[in-house]
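Colleague: In case it helps, this note's numbering puts the sequence shown at residues 366 to 613.
Note that beta-carbon positions come from the ideal geometry of N, C-alpha and C, so glycine has one too.
Shown below is the structure under consideration.
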Amino acid sequence: MTSPSNAHPSSHYAGAKNWLLGHRKRLAVLVSGRGSNLQALYQSASAHGFAIDWLIVSNQKESYGLAWALEHGLSTQLLNHRDFDSREAFDQALADQLKAFEPDLVVLAGFMRVLSPAFFARFQGLMINIHPSLLPSYPGLQTHRRALQDGVAFHGATVHSVTPELDHGPIVAQAVVGVHAEDDEYVLSARVLEMEHRLLPMATWALLRGDLQLQKGRWLLTRSQSNLPQELQFSQCLVHPLLNANPI
Ligand code: GAR
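Shown next as structure tokens:
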């Protein structure tokens, strides 16, 4: 038996293989397209041996993320919004699917569909979204193009709790990248995406561990993470290493 003095630091979180999350978790991930953030989440869970029951839902039959999830043996559900008579009917079906799964957390990872207030009422506090800008700047679409047009020096990505207001809600974590003189939309979006793939797993696991609490509308870290491996320690702000590559 290991004595407390020489125990592996992870024993602080007790449990066998999935000590970092406490016990098996149920994660619903909603995707519409490519699904690279879903893949980053899955790869991070696999790398750390997290025990997760996945449900991947897409509103797009052609979604590569959906195909990828199927290939990897994850539970998937296609709910094509075109098959429904109204936004409310689609939202109702989606909410019913998710409720039946009883997720610990719902992650919108490139889910390009506006959901109705009635939907949010059913998942209040249980749902996060990743958005490719430093919110509250650039909610909506074409965030990289708009950032370049405005000549901003910093851009990035945000993980936030989902509320009825589009791309608003308490910020869980942000990643900052520098905007360089020679950037075009493609280069800038690739730099932001690289950070999204680190930001989303970090924020998701911190929430699932219960290390964050919402206090007066702000997510605050309320538990020491000093015993976690460094790559899993939650940081409210990640900074891209190239931030200072081309100072003007
Ligand atoms: C990501 O950049 C994500 O931040 C963005 O869609 C992309 C999905 O990529 N989400 C939004 O714009 C939501 N407002 P992925 O399918 O490869 O993860």
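Just confirm the distance between the C-beta atoms of K464 and N445, as a whole number of angstroms; I'd bet it's less than 8 Å.
Modeller: Start at 1 with the first residue of the sequence shown, and residue 464 comes out as number 99. Start at 1 with the first residue of the sequence shown, and residue 445 comes out as number 80. Incorrect: roughly 20 Å between the Cβ atoms, too far for contact.
Colleague: Please state the DSSP three-state secondary structure of K382.
Modeller: As a working mapping, residue 382 is identified with position 17 in the sequence shown. Low confidence applies here, because K382 scores a pLDDT of 39, under 50, leaving its location unreliable; read the following figure in that light. Reduced to three states, the DSSP call for K382 is coil.
Colleague: Alpha carbon to alpha carbon, how far is Q539 from H509? Give it in angstroms, no decimals.
Modeller: By 1-based counting over the sequence shown, the position of residue 509 is 144. By 1-based counting over the sequence shown, the position of residue 539 is 174. The alpha-carbon atoms of H509 and Q539 are separated by roughly 16 Å.
Colleague: DSSP on T523, reduced to helix/strand/coil?
Modeller: Stepping through the sequence shown from its first residue, residue 523 is reached at position 158. DSSP places T523 in strand when its eight states are reduced to three.
Colleague: Hey, is the region 574-594 in contact with the region 417-433, meaning 3+ C-beta pairs nearer than 8 Å?
Modeller: They do not touch, by the three-pair rule.
Colleague: Whether or not the region 496-513 and the region 425-443 are in contact is what I'm after, with contact meaning three or more pairs of Cβ atoms, one per stretch, closer than 8 Å; do they touch?
Modeller: No, because fewer than three Cβ pairs between the region 425-443 and the region 496-513 fall closer than 8 Å, the two stretches do not touch.
Colleague: Considering only the alpha carbon of each residue, which of P482, G490, F455 and S554 lies closest to V471?
Modeller: Here residue 471 corresponds to residue number 106 of the sequence shown, with the count starting at 1. Selected option, being the one with the closest Cα: G490.
Colleague: Report yes if the CB atom of V396 is closer than 7 Å to the CB atom of G438, and no otherwise.
Modeller: Translated into positions along the sequence shown, residue 396 becomes position 31. Translated into positions along the sequence shown, residue 438 becomes position 73. Cβ distance not < 7 Å, so V396 and G438 don't count as in contact.
Colleague: Once you ignore the five residues that flank G585 on each side, which residues in its own chain have a CB closer than 7 Å to its CB?
Modeller: Start at 1 with the first residue of the sequence shown, and residue 585 comes out as number 220. Note that residue 585 is Leu in the sequence shown, not Gly. So the list reads L577 and Q578, once near-sequence residues are dropped.
Colleague: Could you check whether L386 and L573 sit closer than 7 Å to each other, using their CB atoms as the reference points?
Modeller: As a working mapping, residue 573 is identified with position 208 in the sequence shown. As a working mapping, residue 386 is identified with position 21 in the sequence shown. Yes, the pair counts as a contact, with Cβ atoms nearer than the cut-off.
Colleague: What does the alpha-carbon distance come out to for the pair L459 and F449?
Modeller: Residue mapping note: residue 459 aligns to position 94 of the sequence shown, counting from 1. Residue mapping note: residue 449 aligns to position 84 of the sequence shown, counting from 1. Rounded to whole angstroms, L459 to F449 spans 11 Å at the Cα level.
Colleague: In three-state DSSP terms, what is N494?
Modeller: Start at 1 with the first residue of the sequence shown, and residue 494 comes out as number 129. Residue state, collapsed to three classes: strand.
Colleague: Which of the three DSSP states is assigned to L531 in this structure?
Modeller: Locating residue 531 in the sequence shown gives position 166, counting from the first residue. Reduced to three states, the DSSP call for L531 is coil.
Colleague: Does the beta-carbon of V479 have 16 or more other beta-carbons within 10 angstroms, so that it is buried, or is it exposed?
Modeller: Locating residue 479 in the sequence shown gives position 114, counting from the first residue. Flag for V479 reads exposed.
Colleague: Would you mind working out which of I495, E561, V537 and F519 sits nearest P543, comparing C-alpha positions?
Modeller: On the sequence shown, residue 543 is found 178 positions in, with the first residue counted as 1. At residue 543 the sequence reads Gly, which differs from the Pro that was named. Ranking I495, E561, V537 and F519 by Cα distance to G543 puts F519 first.
Colleague: Using DSSP with H/G/I as helix, E/B as strand and the rest coil, what is L607?
Modeller: Position 242 of the sequence shown, counted from the start, is the residue given in the question as residue 607. In the structure shown, L607 sits in a helix (DSSP, three-state: H, G or I).
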